[in-house]
Amino acid sequence: MPEIKVTPLGAGQDVGRSCILVSIAGKNVMLDCGMHMGYNDDRRFPDFSYITQNGRLTDFLDCVIISHFHLDHCGALPYFSEMVGYDGPIYMTHPTKAICPILLEDYRKITVDKKGETNFFTSQMIKDCMKKVVAVHLHQTVQVDEELEIKAYYAGHVLGAAMFQIKVGCESVVYTGDYNMTPDRHLGAAWIDKCRPDLLISESTYATTIRDSKRCRERDFLKKVHETVERGGKVLIPVFALGRAQELCILLETFWERMNLKAPIYFSTGLTEKANHYYKLFITWTNQKIRKTFVQRNMFEFKHIKAFDRAFADNPGPMVVFATPGMLHAGQSLQIFRKWAGNEKNMVIMPGYCVQGTVGHKILSGQRKLEMEGRQILEVKMQVEYMSFSAHADAKGIMQLIRQAEPRNVLLVHGEAKKMEFLKQKIEQEFHVSCFMPANGETTTILTNPCIPVDISLGLLKRETVIGPLPDAKKPKLMHGTLLMKDNSFRLVSPEQALKELGLAEHQLRFTCRVHIQDPRKEHETVLRVYNHLKGILKDYSVQHLPDGSITVESILIQATAHSEDQGTKVLLVSWTYQDEELGSYLTSLLKKGLPQST
Numbered sequence: 001m002p003e004i005k006v007t008p009l010g011a012g013q014d015v016g017r018s019c020i021l022v023s024i025a026g027k028n029v030m031l032d033c034g035m036h037m038g039y040n041d042d043r044r045f046p047d048f049s050y051i052t053q054n055g056r057l058t059d060f061l062d063c064v065i066i067s068h069f070h071l072d073h074c075g076a077l078p079y080f081s082e083m084v085g086y087d088g089p090i091y092m093t094h095p096t097k098a099i100c101p102i103l104l105e106d107y108r109k110i111t112v113d114k115k116g117e118t119n120f121f122t123s124q125m126i127k128d129c130m131k132k133v134v135a136v137h138l139h140q141t142v143q144v145d146e147e148l149e150i151k152a153y154y155a156g157h158v159l160g161a162a163m164f165q166i167k168v169g170c171e172s173v174v175y176t177g178d179y180n181m182t183p184d185r186h187l188g189a190a191w192i193d194k195c196r197p198d199l200l201i202s203e204s205t206y207a208t209t210i211r212d213s214k215r216c217r218e219r220d221f222l223k224k225v226h227e228t229v230e231r232g233g234k235v236l237i238p239v240f241a242l243g244r245a246q247e248l249c250i251l252l253e254t255f256w257e258r259m260n261l262k263a264p265i266y267f268s269t270g271l272t273e274k275a276n277h278y279y280k281l282f283i284t285w286t287n288q289k290i291r292k293t294f295v296q297r298n299m300f301e302f303k304h305i306k307a308f309d310r311a312f313a314d315n316p317g318p319m320v321v322f323a324t325p326g327m328l329h330a331g332q333s334l335q336i337f338r339k340w341a342g343n344e345k346n347m348v349i350m351p352g353y354c355v356q357g358t359v360g361h362k363i364l365s366g367q368r369k370l371e372m373e374g375r376q377i378l379e380v381k382m383q384v385e386y387m388s389f390s391a392h393a394d395a396k397g398i399m400q401l402i403r404q405a406e407p408r409n410v411l412l413v414h415g416e417a418k419k420m421e422f423l424k425q426k427i428e429q430e431f432h433v434s435c436f437m438p439a440n441g442e443t444t445t446i447l448t449n450p451c452i453p454v455d456i457s458l459g460l461l462k463r464e465t466v467i468g469p470l471p472d473a474k475k476p477k478l479m480h481g482t483l484l485m486k487d488n489s490f491r492l493v494s495p496e497q498a499l500k501e502l503g504l505a506e507h508q509l510r511f512t513c514r515v516h517i518q519d520p521r522k523e524h525e526t527v528l529r530v531y532n533h534l535k536g537i538l539k540d541y542s543v544q545h546l547p548d549g550s551i552t553v554e555s556i557l558i559q560a561t562a563h564s565e566d567q568g569t570k571v572l573l574v575s576w577t578y579q580d581e582e583l584g585s586y587l588t589s590l591l592k593k594g595l596p597q598s599t
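Under UniProt numbering, read the sequence shown as residues 1 to 599, first letter to last.
Right under this line is the structure:
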């Protein structure tokens with residue numbers, strides 16, 4: 001029986017240090033390679049000794065996939081490639097590849113240059129690591145080798161975040177990374193097609209949370225900030241460089257403009273400029289509103305938000321400061337927090353999740369006396385507020401994604417054990433699929449339905465390629481009913497009922513034919529030409545252009561890819577069932593004749 005094995009090296013019944021090892025049809029893939037923000041020793045990195053006891057890592061792993069640039073998903077990558085010794089391919093999206101090294105270098109400076117830690121990667125190691133990265137586009141099918149292919153889907157969450165489908169033959173796994181099913185002020189919602197994977201590996205940070213109205217949260221946030229600055233207090237908002245920072249900056253910028261407020265708003269030096277640059281460069285990853293208005297007005301060029309200088313922290317009077325990092329575990333946000341914590345007029349607003357061990361997690365848990373470095377005790381008198389602007393899917397969003405993808409099995413990672421257990425039961429009850437939640441180092445084995453490819457001789461399948469009249473639009477029904485015999489009695493039931501009673505799975509035989517056409521345009525333009533051409537000819541058929549770039553004619557699927565050797569040639573993959581064989585053969589013959597020039 002074919003099987004998929006999954007071993008979390010990090011983020012198993014835990015948040016932070018995401019690193020999932022997947023074995024599928026003889027291929028081994030590592031999903032994310034993050035660090036844990038709550039530790040300053042060896043526990044910050046995943047335990048890579050689980051991967052292989054014998055031989056080199058590169059010989060064992062076929063590839064590494066990074067879902068997005070947050071350090072709990074990519075922070076251990078230079079350590080893994082340059083110090084542990086992995087030398088194989090690493091895949092991530094273009095925005096992730098651009099932003100990842102900047103955040104890694106910022107964290108390295110804090111850890112090594114300021115704290116003086118050893119056994120950490122260097123600037124050169126970050127550069128060498130990024131040279132091994134292969135950047136991928138959304139919906140691009142990437143052939144890692146002859147059998148293993150991967151495909152990226154839009155995940156929302158942060159700029160460049162992607163969910164990945166890993167496919168070997170008929171077996172497939174979808175890994176969500178972090179995702180958000182709700183669009184916000186600068187990013188769209190996560191989306192995936194009905195790919196029906198054997199296994200969906202989903203984050204579960206907010207496994208038991210259903211968020212209230214976003215508008216109510218925004219109103220509450222603005223009210224608290226406004227009240228604090230009105231009484232002369234200072235507001236600290238710890239954020240990560242890109243993501244919620246831009247979301248909240250847009251919100252405050254609009255409010256300050258509308259209310260004509262004078263209290264200064266600051267953002268960590270340098271990061272605003274970098275954010276602007278990358279949002280401009282990767283504008284196609286933002287939501288529709290920002291893309292439409294970007295030419296007339298760049299939403300990320302703020303009139304009221306200025307660059308922060310550390311000397312400003314001692315200035316009298318009210319101010320609002322966005323400072324990194326978001327969990328108060330190091331850097332500028334922690335420095336400002338230490339200065340302002342003793343004044344009850346001030347406020348710190350935590351807009352996202354904080355992992356255990358960080359100062360952010362401690363104050364949200366109610367601790368008001370903190371032991372800092374050098375055993376110094378810091379008394380927290382400032383107000384502490386948690387307002388969830390986190391870009392993770394809530395419980396409702398996780399269920400929505402499962403409904404969208406229709407997986408055969410679900411495995412939860414990146415969450416707290418008790419909350420995951422609750423969601424696990426909910427998933428099993430609602431979708432009638434098996435759900436798993438392994439701990440770090442625990443291997444889960446998932447049995448998959450066997451898939452047997454059959455080679456059929458060309459002579460057997462050979463058909464006339466002359467285009468004749470269109471086949472009848474009405475499909476012939478292959479089976480109308482099933483006669484069941486049990487205990488000397490007979491029953492005539494529907495095929496669906498028979499399959500259910502006999503415990504059998506429905507099988508489908510599909511044929512795929514490759515058609516080469518000459519077209520120098522980009523793949524999506526070729527698909528559009530094919531769509532318009534077929535729409536004009538097949539008046540009696542349902543011809544649809546799907547969001548993932550493929551075309552369907554009834555149950556027939558048409559996809560386009562570039563020729564590996566000739567960019568001017570496109571390969572159309574036409575796939576049909578035995579039931580639609582006549583229409584499939586007709587479409588293949590039609591496409592082999594080429595596309596009209598006017599299309």
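C-beta: ideal position from N, C-alpha, C; glycine also. All figures in this text were calculated on a predicted structure; none of them were measured in a lab.
Distance CB(residue i)-CB(residue j) smaller than 8 Å
i: R56; j: H36; result: no
i: S50; j: G441; result: A small correction: the amino acid at residue 50 is Tyr; Ser does not occupy that position in the sequence shown. In this structure, G441 lies closer than 8 Å to Y50 by Cβ.
i: I551; j: V530; result: yes
i: Y175; j: H392; result: no
i: C33; j: E82; result: no
i: E525; j: A562; result: no
i: G481; j: S494; result: yes
i: S204; j: L21; result: no
i: G549; j: Q518; result: no
Separation of residue j from residue i, as counted between CA atoms
i: V348; j: S390; result: 16 Å
i: L461; j: E430; result: A caution first: L461 carries a pLDDT of 44, below 50, which makes its placement in the model unreliable, though a value can still be read off. Whole-angstrom Cα-Cα distance: 43 Å.
i: I90; j: C63; result: 6 Å
i: L458; j: V574; result: The pLDDT assigned to L458 is 48, lower than 50, so where the model puts this residue is not dependable, and the model offers no usable value.
i: P197; j: D394; result: 22 Å
i: N343; j: A241; result: 26 Å
i: T443; j: F45; result: 19 Å
i: F337; j: K418; result: 31 Å
i: T111; j: I126; result: 14 Å
i: Y353; j: E416; result: 12 Å
i: M372; j: A341; result: 13 Å
i: V320; j: C249; result: 11 Å
i: E501; j: T58; result: 48 Å
i: V29; j: K109; result: 30 Å
i: A560; j: M399; result: 31 Å
i: M382; j: T208; result: 29 Å
Neighbourhood of residue i by C-beta, 7 Å cutoff - its chain only, sequence neighbours within 5 removed
i: T52; result: F60
i: D357; result: In the sequence as displayed, the identity of residue 357 is Gly instead of Asp. So the list reads G38 and Y39, once near-sequence residues are dropped.
i: Q508; result: T577
i: G233; result: P318, K345, N346 and M347
i: P95; result: L159, G160, Y278, F282 and W285
i: R510; result: S575, W576 and T577
Nearest residue (CA-CA) to residue i, options the options
i: residue 604; options: V410, K419 and H414; result: Any answer about residue 604 is impossible in this case: the structure gives the chain only from 1 up to 599.
i: P316; options: L281, R231 and Y578; result: R231
i: R244; options: T228, N260, V229 and E218; result: E218
i: P2; options: V133, W191 and V168; result: V168
i: N449; options: W576, S172, Q288 and V321; result: S172
i: L159; options: D548, F69 and E421; result: F69
i: H226; options: R211, K262 and H524; result: K262
i: R514; options: L557, F308 and G366; result: L557
i: L252; options: I305, Q400, I166 and K97; result: I305
i: H137; options: S123, A152 and E146; result: A152
i: S202; options: K132, F164, P547 and K486; result: F164
i: S268; options: L370, R43, P325 and Q579; result: P325
Any chain C beta carbon closer than 8 Å to residue i
i: E171; result: Checking the listed chains, one finds no chain C in this structure; it contains a single protein chain.
Sheet register partners of residue i (DSSP bridge)
i: S202; result: L412
i: F436; result: L411
i: N28; result: S23
i: V239; result: DSSP output for V239 lists no bridge partner at all.
i: R510; result: T577
i: E379; result: K369
i: D212; result: For D212, which the question treats as bridged, DSSP gives no partner whatsoever.
Cβ neighbours of residue i in the same chain (closer than 6 Å, five flanking residues each side left out)
i: K27; result: D62, L148 and V168
i: F255; result: L222
Same chain, Cβ closer than 8 Å to residue i, neighbours up to 5 away in sequence not counted
i: K339; result: A313 and D314
i: V355; result: V15, G16, H36, M37, G38, D72, M327 and H361
i: I446; result: E3, I4, K5, V6, D198, L199, N409, L411, S434 and F436
i: H545; result: V527, L528, Y531 and I551
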